[in-house]
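Shown next, in structure tokens, is the structure this report addresses.
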Amino acid sequence: MDIRAFVKKKPGLLIGLGVLIVAALLPQFFNKTYIQSILVMTVYIAGCSLAWSVLGGMVGQISLGHGAFAAIGAYIGTIFVADLNLSPWLAMIVAFFVVGTLMALLMTPCFGLKGTYFSLMTIAFGEAFRNIFTNWEYVGAGQGKMLPIVRSGEESLWMLAFRSKTGYFYVGLFLVVVFYLVVKYIDRSKLGYALKTIREDEGTAEAIGIKPIKFRILATFISTGMVAVMGVFYATYVRYISPELMLQSKSLEFVLPAVIGGISTVEGCVLGAAIIVPLSQFLNSQLGSQLPGSNLVIYSLILIVVVLFRPSGILGWWQERQQKRKIASERVNLNEPALAGKE
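Each residue of the sequence shown is one higher than the last, beginning at 328 in my numbering.
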């Protein structure tokens, strides 16, 4: 097999494998606890952003409630581990179907809302769930709920219990790879085509036989179910959950990577998370004690700048630039024979 031909035909695959190998080696080079905590949070945010992109990126329904949906998954995971002594892997399956089904049912009446109104409704859902869990004694009410501390000799992949952060990083990286493959498959499938057609022009979608409500329900089920899975992972990592996880700022952390990296690209979610999370941790360490909430202000400013000047995000801008170069190159190639004929 000609390696050069393969490289030209599948450059994205090789780049992806290269990025994955580098990511897998990071904990070996950065063994400080602080750095490894940033790595774990990066894969967590990347997974949540990938989940959000199914609804927010492909369909164009901007949800600001995914933080709450991830938190519900975290509560399910905590109940499975702390109360039932069952594996978080089983909790992920249950969380996917429970949260996905619940939100698909609750959000169906809201699909008639457009733009900001839909986003406001998702914020309302998040606040409603936060109030419910704040007053629900079984899950610790406002004080939250803890998972057992992982002691020496009790580490287990089945129970997602590790004493070092490296184990959580690799589990999170595995989930991100799975999510990436799933979202990439959806993006290139008939389902992805239908979702993007609805986003661009709902009237055209209906004219060619696509039922917007049906596909929005399916996208909501997949998107909220996936983010709930990441919520289970997060609960096993921090070993403590509370209603504070449902604050709107948590949802913003999932939206920003997709917008900055490229809301119309799958890879943009991962790239955005790799930029946003380290930046967030740096700002918290430098300004957190002096200016509480400064990171959210800076997030908002970054979001405004990107929306105004680079609405397609980093990867979207890069793809547009490459497309323009390709078109310019094709024009040159077409003109060359004509010029040669004149000579």
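For every residue, glycine included, the Cβ atom is placed at its ideal position computed from N, Cα and C.
For residue i, which of helix, strand or coil comes out of DSSP?
| i | result |
| --- | --- |
| Ser483 | strand |
| Lys541 | helix |
| Ile568 | strand |
| Lys653 | helix |
| Lys359 | coil |
| Lys472 | strand |
| Leu341 | helix |
| Trp463 | coil |
Quick one: is residue i buried, meaning 16 or more other Cβ sit within 10 Å of its Cβ, or exposed?
| i | result |
| --- | --- |
| Gln650 | exposed |
| Asp410 | exposed |
| Ile342 | exposed |
| Ser390 | buried |
| Val349 | exposed |
| Ile603 | buried |
| Phe501 | exposed |
| Gln388 | buried |
| Ala360 | It is worth fixing the name first, because residue 360 is Thr in this sequence and not Ala. Thr360 comes out exposed. |
| Ile631 | exposed |
| Ser550 | buried |
| Ser607 | buried |
| Leu572 | buried |
| Gly345 | exposed |
| Tyr561 | buried |
| Lys472 | buried |
| Gly439 | exposed |
| Gly384 | buried |
| Phe301 | The structure shown does not extend to residue 301, since the chain spans only 328 to 670, so no value can be given for it. |
| Phe609 | exposed |
| Ala451 | exposed |
| Gly530 | exposed |
| Arg515 | exposed |
| Ile535 | exposed |
| Gly374 | buried |
With distances taken between CB atoms, is the gap from residue i to residue j smaller than 7 Å?
| i | j | result |
| --- | --- | --- |
| Ile590 | Gly599 | no |
| Ile365 | Glu580 | no |
| Ile544 | Thr435 | yes |
| Ala546 | Pro539 | no |
| His393 | Trp416 | no |
| Phe396 | Val425 | no |
| Val386 | Arg526 | yes |
| Met430 | Val559 | no |
| Pro570 | Thr443 | no |
| Trp644 | Arg652 | no |
| Ala521 | Phe506 | no |
| Pro311 | Ser414 | Because residue 311 is not part of the residues shown, which for the chain are 328 to 670, the question remains open. |
| Val556 | Phe445 | no |
| Lys511 | Val593 | yes |
| Phe489 | Pro354 | no |
| Ile563 | Leu487 | One detail in the question is off: residue 563 reads as Thr in this sequence, not Ile. Their beta carbons are under 7 Å apart, which means Thr563 touches Leu487 by this criterion. |
| Val408 | Leu474 | yes |
| Tyr402 | Val466 | yes |
| Leu623 | Ser576 | yes |
If contacts are defined as beta-carbon pairs under 8 Å, then residue i and residue j qualify, I think. What distance do you get, rounded to the angstrom?
| i | j | result |
| --- | --- | --- |
| Ser578 | Gly499 | At roughly 19 Å, the Cβ-Cβ gap does not stay under 8 Å, so Ser578 and Gly499 are not in contact. |
| Leu642 | Gly595 | 4 Å |
| Ile568 | Ala398 | 7 Å |
| Leu504 | Leu635 | Inspection of the sequence shows that residue 504 is occupied by Val rather than by Leu. Wrong, their Cβ atoms sit about 33 Å apart, outside the cutoff. |
| Val367 | Lys492 | 5 Å |
| Glu647 | Ser639 | 6 Å |
| Val554 | Gly400 | 7 Å |
| Phe548 | Thr428 | 7 Å |
Cβ of residue i versus every heavy atom of the ligand FMN: is any distance shorter than 6 Å?
| i | result |
| --- | --- |
| Leu411 | By its list of ligands, the structure shown contains no ligand whatsoever, and the ligand FMN lies outside what it can speak to. |
With 7 Å as the threshold, decide whether the Cβ of residue i is near any Cβ in chain C.
| i | result |
| --- | --- |
| Gly400 | Among the protein chains of the structure shown there is no chain C, as only one such chain exists. |
Query raised in the report: If you scan the region 503-567 from start to end, which runs of the alpha helix (DSSP H) of 4 or more residues do you find wholly inside it?
Result: You should have 517-527, 529-534 and 539-565.
Query - Continuous alpha helix (DSSP H) assignments of at least 4 residues falling wholly in the region 355-419 - result: 360-380 and 393-405
Query raised in the report: Can you list, in chain order, the stretches of the beta strand (DSSP E) that have 3 or more residues and sit fully within the region 583-643?
Result: DSSP runs (the beta strand (DSSP E)) wholly in the region 583-643: none.
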